[in-house]
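Worksheet: one structure, shown below.
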Amino acid sequence: MSNVMECLSRAFRNTQKVRVHMFLGMVVILLLAISVFSQNSYKVALQRELDKVEQSHVVIAENLASTLDRYAIDVKATFDFVVANYDQHYAQGSIDELLGSYDFRSVAVISPDNHVMNVLYDREFEAPREAALASLRANAATDKSTFSGVQRSPSGPVIYITRLFASGTLLVGVIDTSFLISQQLDIAFGDRGHAMIVDHEGRVLAHPKKEWVETSKDVAGLEVVQRMTSGQTGVMQFYAPPLKADVIAGYTSVPSTGWGAMVPQPISELEEAASAEANKLLGTLLVLFLIAALASWVLSGLIARPIHKLSEVVKKVRCGDLTARVPDFNFLTPTELVSLRFVFNGLLDNWAENRALLERSLEAAKEANMHKSNAISVLSHEMRTPLNGVVGAVGLLERTELTNSQKKYLGFVSTSTHTLLKHVNDVLEVSRLESCNVKLQKDCVNLSDMMKAIVEENSAQAERAGSQITLMFEPGMPLDVETDPRLLRTIAANLVGNAVKFAAGAKIDILLEFDPEGILEFVVKDNGPGIRSCDIESVFEPFTVLDASYGRHSEGTGLGLSIVATSVNALDGQIDLKSEEGAGSEFCVRIPVGLAPGSARFDNRDCNKARSLNGNRVSTGTAEHKKVLVVDDNEINRLLLTDMLEALGHSVSEAEDGRDAIDVAMNEHFDLILMDISMPHIDGTEAARLLRDRQGPNQHTKIIAQTAHASPKDRDEIFAAGMQGILTKPISTEALRLALTGKMTKECAVGFDNKSSRSVLELEPLNVLVSATGLELTGKSLDELFDEASCIIQLFKTCDPSYFEEECVRSRVRNTTGVCATLGAKNLHTSFYKIEDSLKRGSMVSSRKRLLDAAERALEETRNASSNLIYQLKQA
């Protein structure tokens with residue numbers, strides 16, 4: 001729940017930032033869109049202007065050409081009328097008026113030798129020059145009137161119209177260009193758009209530039225002029241020298257005269273018009289965008305404010321206030337957020353109810369677990385104490401001379417006793433694995449030694465069952481790996497033992513392989529009766545025993561495979577089972593391991609040795625001669641221990657209780673003292689403490705406790721009294737031998753360094769907690785404390801300084817400080833007390849790094865010390 005609330009809190013705290021970022025992102029995107037749109041709109045507007053000009057200017061040019069064509073036809077008709085009636089004196093007045101209306105300057109009759117014979121009309125008569133007359137006579141026609149190109153005269157540019165008679169006489173009319181100029185002046189576009197008229201030779205008749213008109217500028221070199229004089233009509237873009245700009249022009253020709261009419265306009269004017277249109281559209285879009293942006297900001301506020309309220313409630317919930325609820329939103333809030341408020345408040349209601357239920361259930365579970373732990377402790381003590389006597393007595397009887405029948409019956413007793421002991425140990429092992437987080441203790445494991453020992457342990461039973469065990473190693477795999485030795489041996493021993501037990505008369509293959517990625521693969525395969533497919537999923541459950549068709553012909557508690565599965569899971573491994581009824585089973589375990597430095601590799605000779613293993617027992621060797629004091633109020637236990645120690649070659653003295661042990665130990669030096677714990681007068685713990693405090697010959701002698709207690713309730717007191725280890729009853733000869741030689745197994749727990757532990761932990765509060773709740777809940781309580789402390793440290797490293805001002809934060813730190821004191825986490829309590837004090841004084845911001853670094857170091861030290869302590873107690 002805390003993780004969910006933290007994620008929600010972070011998300012809601014960033015709502016305003018997200019709102020701003022989204023708004024700015026929308027602005028950038030829209031501005032880019034508007035920019036692209038404005039460029040496109042300008043191009044579209046410009047193309048539209050060009051299309052409009054192409055259509056309109058051609059029409060205008062054609063209209064102008066049509067006007068000029070009508071004018072030319074009328075001029076020709078008037079001149080033809082003069083030709084027909086120039087010698088009729090009665091029509092002279094009408095002719096003069098008609099000629100004046102069409103801008104004739106004069107009409108003259110020229111003799112064949114180019115002399116003026118008669119002037120028929122004389123408004124401004126100027127006799128043509130000799131060269132001009134020669135040109136006119138060469139171009140004149142006898143059957144029709146002919147226009148010349150524009151010609152220069154003393155009074156300005158003129159156009160000649162001529163007609164040649166058969167006698168060689170030439171009738172010449174001189175026409176002013178004022179009409180053409182007036183038509184050109186009537187056509188204009190924008191600032192510099194205009195019309196232009198040229199004659200059939202490409203000389204300017206009418207143009208805005210007067211000097212071009214006055215000089216009859218020759219523009220025949222322009223492509224557009226060439227198109228006009230050749231009779232073409234169309235639109236063209238070109239560079240206009242008089243305007244010094246690119247223009248677009250519609251052009252055409254006058255059919256009757258060959259003149260050209262053109263209507264050009266600068267493209268820059270069209271670009272300005274297109275730009276103005278695009279700017280107008282852009283301005284409209286910007287106004288609409290501002291309106292939309294303002295509306296989106298307001299609408300996003302309607303969403304952000306409710307989310308901010310949700311954020312505040314999440315903060316309170318994270319601080320432990322499950323009574324906080326989201327208040328009502330205003331009527332403008334979207335329906336979805338209103339629904340979210342109802343759902344969120346309902347979720348908080350459910351959480352509050354579930355938390356109360358969980359707390360009640362946790363208390364009940366703690367009480368039940370305490371009763372279970374006490375029951376297991378009592379059961380193990382009551383079972384192991386008599387088993388100690390039985391196992392020891394059987395061992396001693398086996399060394400005496402017995403009849404065959406007695407040996408047979410004694411074998412039955414020995415087998416049953418060890419089976420019962422194994423069942424008790426299995427129950428305790430399952431309880432240990434399932435009741436607490438297993439702390440891995442990695443060490444170097446020699447695979448060859450471990451597997452050979454396991455095979456030899458099972459070889460006698462396999463021989464009796466008629467089974468054949470084959471052990472194989474992959475050539476080239478490492479001899480030594482790094483993992484938890486106890487868990488790895490538990491896995492291998494249970495799988496091999498199961499195969500031997502349930503696959504009587506079968507062939508059992510054990511194969512070890514090593515993956516280059518660091519995976520140890522352990523395979524146990526047999527061709528026994530196999531497992532039904534419907535039972536495969538349940539074989540790894542605790543206390544699962546298959547029906548009579550498979551499992552009940554062999555005794556067992558159904559815990560072996562459960563222990564294997566739990567151990568594999570603790571090592572982050574995988575276990576697979578393939579089985580077919582009547583065809584056998586194959587267990588494959590894959591466990592990640594480390595490669596021990598300098599590890600040798602298996603070669604073929606190693607593999608051959610592994611394959612040739614038989615049932616011979618491994619020699620264990622003997623310890624050097626030692627003087628041992630056995631302290632136990634139970635005479636049978638003293639007798640058994642004495643016989644076992646003497647059989648190992650040691651001398652033994654006995655003491656009946658703690659008082660007797662002190663008296664004996666103060667007068668004689670011993671190499672080892674085996675101290676029972678539960679004794680009258682003075683118990684074993686007090687006796688060990690007195691021996692350590694007194695100046696005697698055994699003040700520094702190694703003392704090992706012997707007890708039937710399976711729970712860790714009294715372990716801390718045992719080690720605090722100065723004892724170096726614990727032997728759990730019933731005590732086997734092998735465990736006793738290893739204890740004497742200084743090597744400890746799972747049956748003999750080693751004490752921890754009290755000075756090291758007490759530097760960061762107070763053991764007295766932990767003793768009280770272990771006694772009240774058991775080792776499992778104590779471990780869980782410590783883990784919960786460490787998780788909470790780590791969470792606070794990481795949160796304080798990255799949170800906003802304003803977070804330190806919230807009361808719920810201070811309350812959270814205050815609660816953690818109190819829990820540290822309750823659980824005896826001395827160093828961690830000191831660090832969190834300083835953080836709490838800094839929050840009160842408001843100096844957390846300036847001292848944050850120093851305090852959090854110190855707290856992090858204290859957390860790591862406390863976690864390691866408690867881990868070592870819990871591990872020692874579990875092993876004991």
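Here the sequence shown stands for residues 1 to 876, where the numbers follow full-length UniProt numbering.
Don't be surprised by glycine CBs; every beta carbon is placed ideally from N, CA and C.
Small disclaimer: the values here were computed from a predicted structure and weren't measured.
- In the three-state reduction of the DSSP assignment, Ala108 falls in the strand class.
- Counting along the chain, Glu482 sits inside the beta strand (DSSP E) bounded by residues 480 to 483.
- The straight-line gap separating the alpha-carbon atoms of Ser847 and Ala854 is approximately 11 Å.
- With a cutoff of 8 Å on beta-carbon distance, Pro478 and Ser599 are scored as near each other.
- Annotated three-state conformation of Ile731 is coil, per DSSP.
- Residue Leu299 holds the alpha-carbon nearest to the alpha-carbon of Leu332 among Leu299, Ile307, Arg341, Ile510.
- Counting C-beta pairs with one atom in each stretch, the stretch 400 to 410 and the stretch 652 to 661 have fewer than three that are closer than 8 Å, which means they do not touch.
- Inter-residue distance for Leu322 and Met450 is about 55 Å (C-alpha atoms, whole angstroms).
- The Cβ atoms of Thr778 and Asn827 lie no closer than 8 Å to each other.
- Less than 8 Å divides the Cβ of Ala687 from the Cβ of Ile662.
- Look at Arg841 here: in three-state DSSP terms it is helix.
- If you look at Leu640, you'll find it in the alpha helix (DSSP H) that goes 635 to 647.
- In this structure, the CA atom of Ser268 is about 8 Å from the CA atom of Ala245.
- For Arg659, the enclosing alpha helix (DSSP H) starts and ends at 658 to 665.
- Gly260 is a Cβ neighbour of Thr229, given a cutoff of 8 Å.
- Excluding sequence positions up to five before and after Asp572, its CB lies within less than 8 Å of the CB of Ile591, Pro592, all in the same chain and listed in chain order.
- In the structure shown, the three-state DSSP call for Ser153 is strand.
- The residues Leu852, Ala855, Glu856, Leu859, in chain order, have a CB closer than 8 Å to that of Ile793 in the same chain once the five nearest residues on each side in sequence are set aside.
- Counting the other CB atoms within 10 Å of its CB gives Thr415 a total below 16, which places it among the exposed residues.
- Taking every protein chain shown into account, the CB of Cys820 has 16 or more other CB atoms within 10 angstroms, so this residue is buried.
- Apart from the 5 residues on each side of it in sequence, Lys627 sits with its Cβ closer than 6 Å to the Cβ of Ser651, Phe670, Asp671 in its chain, given in chain order.
- By the beta-carbon neighbour count (other beta carbons within 10 angstroms, threshold 16), Tyr239 is exposed.
- Linking Arg325 to Ala365 through their CA atoms gives a straight-line distance of about 31 Å.
- Restricting attention to beta strand (DSSP E) runs no shorter than 3 residues, the UniProt domain "HAMP" (301 to 356) encloses none.
- Buried is the label assigned to Thr707, since at least 16 other Cβ atoms lie within 10 Å of its Cβ.
- Here Asp51 is exposed, its C-beta having fewer than 16 other C-beta atoms within 10 Å.
- Here Ala596 carries a coil assignment [DSSP, helix/strand/coil].
- Distance from the CA atom of Val158 to the CA atom of Glu201, rounded to whole angstroms, is 14 Å.
- Residue pairing for Phe189: DSSP places it in a beta bridge opposite Gly193.
- In the DSSP assignment, the residues bridged to Leu512 are Phe473, Phe522.
- Leu136 is a Cβ neighbour of Tyr160, given a cutoff of 8 Å.
- Pairing Gln441 with Thr490, the inter-Cα distance amounts to about 14 Å.
- DSSP places Met723 outside any alpha helix (DSSP H), giving it a letter other than H or E.
- Counted as a single uninterrupted DSSP element, the beta strand (DSSP E) harbouring Val247 occupies residues 245 to 253.
- When the alpha-carbon of Ser866 is set against those of Cys808, Leu775, Pro266, the nearest one is in Leu775.
- Non-local C-beta neighbours of Ser275 in its own chain, meaning closer than 7 Å and more than five positions away in sequence, comprise Tyr42, ordered along the chain.
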